[in-house]
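These protein sequence lines are chains E and F, in that order. The first sequence begins at 5 in our numbering and counts up one residue at a time. The second sequence begins at 5 in our numbering and counts up one residue at a time. All C-beta atoms, glycine included, are put in the ideal place defined by N, C-alpha and C. To start, the structure under review is shown below, and the notes come after it.
Number of protein chains: 2
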Amino acid sequence: MADTTDKASAVRIVPRTLKGFRDYLPEQMLVREQLIETARRVYRSYGFVPIDTPALEYLEILEGKGGAESDKQMYRFQDHGGRWVGMRFDLTVPLARYVAQHLGQLDLPFKRYHIAPVWRGENTQRGRYREFLQCDFDTIGAESVAADVETALVIHDLMHALGIRQFTIRINNRMIFNGWAERWGLQQQAAAILRTLDKLGKIGPAEVERELREVVRLDERPAAELLQMVTAQGSNDELLRRLDQWGAGSPLSREGVERLRQIVDGFAAATGASLRLKIDPAIARGLDYYTGPIFETYLDELPSIGSVCSGGRYDDLAGLYCRQRLPGVGASLGLDRLLAALEELHLVEPVRTAAPVMIAFFDERYYHPYLQLATRLRQAGIGVELYAEPKKLAAQLKYADRRGFRYVIVAGTDEFQAGFCRVKDMRSGQQVDCSLADDAAQLVAFLTQALSERRPQS
Amino acid sequence: MADTTDKASAVRIVPRTLKGFRDYLPEQMLVREQLIETARRVYRSYGFVPIDTPALEYLEILEGKGGAESDKQMYRFQDHGGRWVGMRFDLTVPLARYVAQHLGQLDLPFKRYHIAPVWRGENTQRGRYREFLQCDFDTIGAESVAADVETALVIHDLMHALGIRQFTIRINNRMIFNGWAERWGLQQQAAAILRTLDKLGKIGPAEVERELREVVRLDERPAAELLQMVTAQGSNDELLRRLDQWGAGSPLSREGVERLRQIVDGFAAATGASLRLKIDPAIARGLDYYTGPIFETYLDELPSIGSVCSGGRYDDLAGLYCRQRLPGVGASLGLDRLLAALEELHLVEPVRTAAPVMIAFFDERYYHPYLQLATRLRQAGIGVELYAEPKKLAAQLKYADRRGFRYVIVAGTDEFQAGFCRVKDMRSGQQVDCSLADDAAQLVAFLTQALSERRPQS
Numbered sequence: 005m006a007d008t009t010d011k012a013s014a015v016r017i018v019p020r021t022l023k024g025f026r027d028y029l030p031e032q033m034l035v036r037e038q039l040i041e042t043a044r045r046v047y048r049s050y051g052f053v054p055i056d057t058p059a060l061e062y063l064e065i066l067e068g069k070g071g072a073e074s075d076k077q078m079y080r081f082q083d084h085g086g087r088w089v090g091m092r093f094d095l096t097v098p099l100a101r102y103v104a105q106h107l108g109q110l111d112l113p114f115k116r117y118h119i120a121p122v123w124r125g126e127n128t129q130r131g132r133y134r135e136f137l138q139c140d141f142d143t144i145g146a147e148s149v150a151a152d153v154e155t156a157l158v159i160h161d162l163m164h165a166l167g168i169r170q171f172t173i174r175i176n177n178r179m180i181f182n183g184w185a186e187r188w189g190l191q192q193q194a195a196a197i198l199r200t201l202d203k204l205g206k207i208g209p210a211e212v213e214r215e216l217r218e219v220v221r222l223d224e225r226p227a228a229e230l231l232q233m234v235t236a237q238g239s240n241d242e243l244l245r246r247l248d249q250w251g252a253g254s255p256l257s258r259e260g261v262e263r264l265r266q267i268v269d270g271f272a273a274a275t276g277a278s279l280r281l282k283i284d285p286a287i288a289r290g291l292d293y294y295t296g297p298i299f300e301t302y303l304d305e306l307p308s309i310g311s312v313c314s315g316g317r318y319d320d321l322a323g324l325y326c327r328q329r330l331p332g333v334g335a336s337l338g339l340d341r342l343l344a345a346l347e348e349l350h351l352v353e354p355v356r357t358a359a360p361v362m363i364a365f366f367d368e369r370y371y372h373p374y375l376q377l378a379t380r381l382r383q384a385g386i387g388v389e390l391y392a393e394p395k396k397l398a399a400q401l402k403y404a405d406r407r408g409f410r411y412v413i414v415a416g417t418d419e420f421q422a423g424f425c426r427v428k429d430m431r432s433g434q435q436v437d438c439s440l441a442d443d444a445a446q447l448v449a450f451l452t453q454a455l456s457e458r459r460p461q462s
Numbered sequence: 005m006a007d008t009t010d011k012a013s014a015v016r017i018v019p020r021t022l023k024g025f026r027d028y029l030p031e032q033m034l035v036r037e038q039l040i041e042t043a044r045r046v047y048r049s050y051g052f053v054p055i056d057t058p059a060l061e062y063l064e065i066l067e068g069k070g071g072a073e074s075d076k077q078m079y080r081f082q083d084h085g086g087r088w089v090g091m092r093f094d095l096t097v098p099l100a101r102y103v104a105q106h107l108g109q110l111d112l113p114f115k116r117y118h119i120a121p122v123w124r125g126e127n128t129q130r131g132r133y134r135e136f137l138q139c140d141f142d143t144i145g146a147e148s149v150a151a152d153v154e155t156a157l158v159i160h161d162l163m164h165a166l167g168i169r170q171f172t173i174r175i176n177n178r179m180i181f182n183g184w185a186e187r188w189g190l191q192q193q194a195a196a197i198l199r200t201l202d203k204l205g206k207i208g209p210a211e212v213e214r215e216l217r218e219v220v221r222l223d224e225r226p227a228a229e230l231l232q233m234v235t236a237q238g239s240n241d242e243l244l245r246r247l248d249q250w251g252a253g254s255p256l257s258r259e260g261v262e263r264l265r266q267i268v269d270g271f272a273a274a275t276g277a278s279l280r281l282k283i284d285p286a287i288a289r290g291l292d293y294y295t296g297p298i299f300e301t302y303l304d305e306l307p308s309i310g311s312v313c314s315g316g317r318y319d320d321l322a323g324l325y326c327r328q329r330l331p332g333v334g335a336s337l338g339l340d341r342l343l344a345a346l347e348e349l350h351l352v353e354p355v356r357t358a359a360p361v362m363i364a365f366f367d368e369r370y371y372h373p374y375l376q377l378a379t380r381l382r383q384a385g386i387g388v389e390l391y392a393e394p395k396k397l398a399a400q401l402k403y404a405d406r407r408g409f410r411y412v413i414v415a416g417t418d419e420f421q422a423g424f425c426r427v428k429d430m431r432s433g434q435q436v437d438c439s440l441a442d443d444a445a446q447l448v449a450f451l452t453q454a455l456s457e458r459r460p461q462s
């Protein structure tokens with residue numbers, strides 16, 4: 005109503021987004037949609053199927069599942085019915101709830117992907133936002149090393165499909181650490197130790213050792229032994245040998261090393277790219293629930309941005325909600341962080357339009373013929389924008405140039421009467437005349453040919 | 005950590021979703037993704053570009069923009085920084101804020117689509133949830149009737165692309181009503197009158213007239229005149245004539261009728277399907293902000309489910325946040341409601357798998373050859389799931405059958421040693437042997453051919 009609007013404009017509100025949140029402009033969103041589509045294609049090519057869950061869950065479903073940090077960062081409130089609810093902070097806890105709830109309707113092993121936003125009220129820093137998209141894939145109900153190998157393979161294919169050639173998947177096995185903790189009777193301190201180890205890249209080994217001694221209160225010997233392991237370097241073969249020696253006192257550690265070996269071998273057999281998967285004893289991952297292999301993925305040219313795809317094996321997450329033991333393994337592509345990295349590496353070609361062709365709308369009397377031409381081109385599979393209102397040609401060409409249309413079709417009285425149109429190539433500036441006879445067959449043929457030559461992927 | 009898990013399972017939490025919220029199972033989600041992809045393709049084919057905005061906005065951005073009902077239903081709370089925030093209840097208000105905020109970076113006319121969930125704490129009923137996906141497209145900064153026509157054309161193409169053959173786009177023009185309200189000096193009551201008219205389909209003309217008289221307190225003559233208009237029936241031509249007579253006393257009404265005529269003509273010129281767009285003077289739409297043409301879309305075979313795609317022209321929404329006057333027009337596809345309708349009409353073919361082929365994993369010693377075969381098929385563009393762990397063949401075939409795989413590849417010692425594999429057609433039960441020589445060329449050729457014959461769309 006005019007009334008409402010008038011009143012509201014009188015008290016005009018500053019248009020702004022919340023701190024840590026952001027809008028996506030079309031040129032960013034076009035790339036983002038392409039990345040999402042690629043992730044979906046790769047996940048599907050391995051037989052993963054999509055699911056979705058609500059943004060809001062009962063607070064008791066989410067609370068205490070991701071550790072103290074997650075609890076602190078969670079957006080929570082009372083809904084209209086007085087229920088305490090939370091906004092999901094990851095897609096793994098909702099998956100556990102989902103599997104427990106729908107167990108009877110799911111086929112095990114259950115391989116799902118889930119692409120959706122999550123929310124964390126954390127401090128904002130480079131590449132970190134309070135709302136971000138996760139692209140998770142997980143296999144539930146399979147203990148086999150094959151599911152671990154597949155996790156690495158999906159990450160590998162994903163990076164390839166995204167056009168990234170220089171990347172390294174770093175892998176470790178939580179079992180090795182757990183065996184060590186068991187051997188030293190340090191299970192109670194395990195979470196605190198892992199959180200300290202997770203800082204290794206940031207604060208360095210000396211500071212980690214100091215923190216292990218002074219904050220976690222480890223004795224000198226276990227602290228030194230642990231440091232020796234997490235700082236070990238070498239080829240996968242060398243590291244497997246050293247880890248095996250190092251974990252000699254613990255069957256669990258040795259089993260962990262053996263499983264690492266099988267994963268590395270399976271990955272090499274499937275891809276022939278054995279160097280892409282690198283054992284790294286320093287990988288700890290902050291999250292509490294991992295129990296087996298853990299993965300992180302770094303771009304070789306931009307390691308500082310952090311892991312763009314991380315995950316691991318967790319052996320009983322659904323146990324929070326049901327009796328059945330349901331081991332799982334999977335990983336999460338941090339799409340927004342990856343996008344930031346691709347932009348920094350100039351691996352993203354800017355696009356500002358979704359349709360390659362524009363029809364100029366400058367003679368109002370020919371509105372219906374313009375419409376029919378647009379319909380004709382769309383029926384031939386050619387995306388076409390009819391400029392939204394009659395306007396001077398110069399202004400429309402300027403718009404077309406800014407938006408990055410490839411071709412602009414220009415036709416006025418002269419052209420329509422003579423039965424043709426001009427097609428302007430917006431890069432070269434050249435013009436071609438195309439007949440409009442036979443349902444614009446010549447025009448359709450010309451555009452189909454011209455666009456197929458440089459369409460990114462069809 | 006084992007500890008955390010043990011403790012948590014001791015106090016097991018009931019896995020459940022909040023009332024009015026729901027999970028999507030893979031078979032539902034596969035269809036949903038297909039619908040979303042179709043909507044995106046149609047929007048892009050008209051040159052609309054994607055954007056995204058945060059789920060959370062400053063409360064002052066959202067409050068008072070959608071009317072009292074929206075305010076009541078909005079999820080709102082204080083965030084960690086003590087700011088009052090709300091979850092978006094539609095994509096139109098965020099669009100207005102977005103356009104005002106980024107005006108300098110956008111090209112006008114700005115044509116955007118936005119596919120994202122919105123939240124409303126409303127009472128739950130058939131096809132209504134508290135979280136649902138909206139698929140909006142809007143053109144901002146164009147007053148022309150061409151943008152109105154395009155809105156109807158996009159809806160038309162969308163329905164077609166979704167496989168719906170029996171549908172009607174109903175159109176009216178708020179200007180006709182506004183002219184009438186002006187003539188009777190009833191601008192202050194306009195919102196209340198519209199909300200009453202919006203119930204016409206539910207409660208019938210007699211009850212609407214009673215409510216207009218007794219609740220809104222209209223006099224007998226304007227109430228009768230209004231009823232005469234909203235219950236008028238006939239062909240588009242007849243209705244245009246009658247509406248023109250009816251609105252004779254108001255230039256605004258007559259302008260509204262003339263614009264309706266142009267839209268109907270433009271639509272017919274572009275599509276040749278003039279019957280798909282039907283003038284309906286009863287269409288009111290509850291939302292306050294419409295000022296021109298309004299659209300609703302009904303499935304002819306299931307009108308009771310309500311409009312599956314609705315929208316209209318609003319002439320100054322961004323005026324809430326900036327000085328510039330930015331007229332807009334667009335519509336929103338109610339994807340979840342549409343999906344419910346398609347299911348009811350059996351227009352949805354059930355799918356439970358994203359990859360058409362499964363490789364049985366029953367001989368552990370051949371794990372690496374299985375992996376290599378899977379890689380080979382994926383490289384040829386064939387989606388393939390390697391069963392997640394070594395298991396008896398019978399169990400795997402049962403799984404493959406339930407999941408709806410088209411082909412299962414079976415190979416054990418005998419086959420591998422003889423250099424071939426068996427391909428089992430899961431529908432016919434027939435088996436074909438394919439050689440694995442020359443990098444499995446025969447197998448790749450067979451599957452590529454067999455799957456291309458019945459792939460829905462590639």
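For residue i, the residue or residues it bridges with in DSSP
{"i": "Lys-396 (chain E)", "result": "Note: Lys-396 (chain E) sits in no beta bridge, so no partner."}
{"i": "Tyr-50 (chain F)", "result": "Bridge partners of Tyr-50 (chain F): none, in fact."}
{"i": "Thr-143 (chain F)", "result": "F:Lys-115, F:Val-333"}
{"i": "Met-179 (chain F)", "result": "DSSP, once it has assigned bridges, lists no residue as partnering Met-179 (chain F)."}
Closer than 8 angstroms to chain F by CB, residue i
{"i": "Ser-148 (chain E)", "result": "yes"}
{"i": "Tyr-50 (chain E)", "result": "yes"}
{"i": "Ile-173 (chain E)", "result": "no"}
{"i": "Val-388 (chain E)", "result": "yes"}
{"i": "Thr-96 (chain E)", "result": "no"}
{"i": "Gly-4 (chain E)", "result": "Lying outside 5 to 462, the shown extent of chain E, residue 4 (chain E) is not represented and no answer is given."}
{"i": "Thr-357 (chain E)", "result": "yes"}
{"i": "Lys-115 (chain E)", "result": "yes"}
{"i": "Glu-58 (chain E)", "result": "Just to set this straight, residue 58 (chain E) is Pro in the shown sequence, not Glu. Yes, contact with chain F."}
{"i": "Phe-81 (chain E)", "result": "yes"}
CA-to-CA distance, residue j to residue i, given in whole angstroms
{"i": "Asp-340 (chain F)", "j": "Leu-137 (chain F)", "result": "6 angstroms"}
{"i": "Arg-407 (chain E)", "j": "Gln-109 (chain F)", "result": "11 angstroms"}
{"i": "Ser-462 (chain F)", "j": "Leu-162 (chain F)", "result": "Per-residue confidence for Ser-462 (chain F) stands at a pLDDT of 34, beneath the threshold of 50, marking its modelled position as unreliable; no derived number is given."}
{"i": "Asp-304 (chain F)", "j": "Gln-77 (chain F)", "result": "31 angstroms"}
{"i": "Gln-170 (chain F)", "j": "Arg-280 (chain F)", "result": "9 angstroms"}
{"i": "Met-233 (chain F)", "j": "Ala-286 (chain F)", "result": "8 angstroms"}
{"i": "Leu-321 (chain F)", "j": "Asp-202 (chain F)", "result": "21 angstroms"}
{"i": "Ala-194 (chain E)", "j": "Glu-37 (chain E)", "result": "40 angstroms"}
{"i": "Ala-227 (chain F)", "j": "Pro-209 (chain F)", "result": "11 angstroms"}
Within-8 angstroms CB hit, residue i to chain E
{"i": "Asp-27 (chain F)", "result": "yes"}
{"i": "Val-53 (chain F)", "result": "yes"}
{"i": "Cys-326 (chain F)", "result": "yes"}
DSSP-derived helix/strand/coil call for residue i
{"i": "Asn-240 (chain F)", "result": "helix"}
{"i": "Leu-110 (chain F)", "result": "coil"}
{"i": "Gly-316 (chain E)", "result": "strand"}
{"i": "Arg-459 (chain E)", "result": "Since pLDDT at Arg-459 (chain E) reaches only 48, below the 50 mark, its modelled position is unreliable, and no value is offered."}
{"i": "Glu-67 (chain F)", "result": "coil"}
>> For the structure I just gave you, are there three or more beta carbon pairs, one from the stretch 47-61 of chain E and one from the stretch 357-366 of chain F, closer than 8 angstroms?
In response: Touching, yes, given that three or more Cβ pairs across the two stretches are closer than 8 angstroms.
> Is the stretch 53-62 of chain E touching the stretch 17-25 of chain F, taking contact as three or more C-beta pairs under 8 angstroms?
Replying inline: Verdict: yes, contact present.
> Does the stretch 388-399 of chain E come close enough to the stretch 143-157 of chain F to have 3 or more Cβ pairs within less than 8 angstroms?
Replying inline: Cβ pair count under 8 angstroms is three or more, so yes.
> Three or more C-beta pairs closer than 8 angstroms, one from the stretch 304-314 of chain F and one from the stretch 89-96 of chain F: is that the case here?
Replying inline: As far as the Cβ criterion goes, the stretch 304-314 of chain F does not touch the stretch 89-96 of chain F, which means the pair count is below three.
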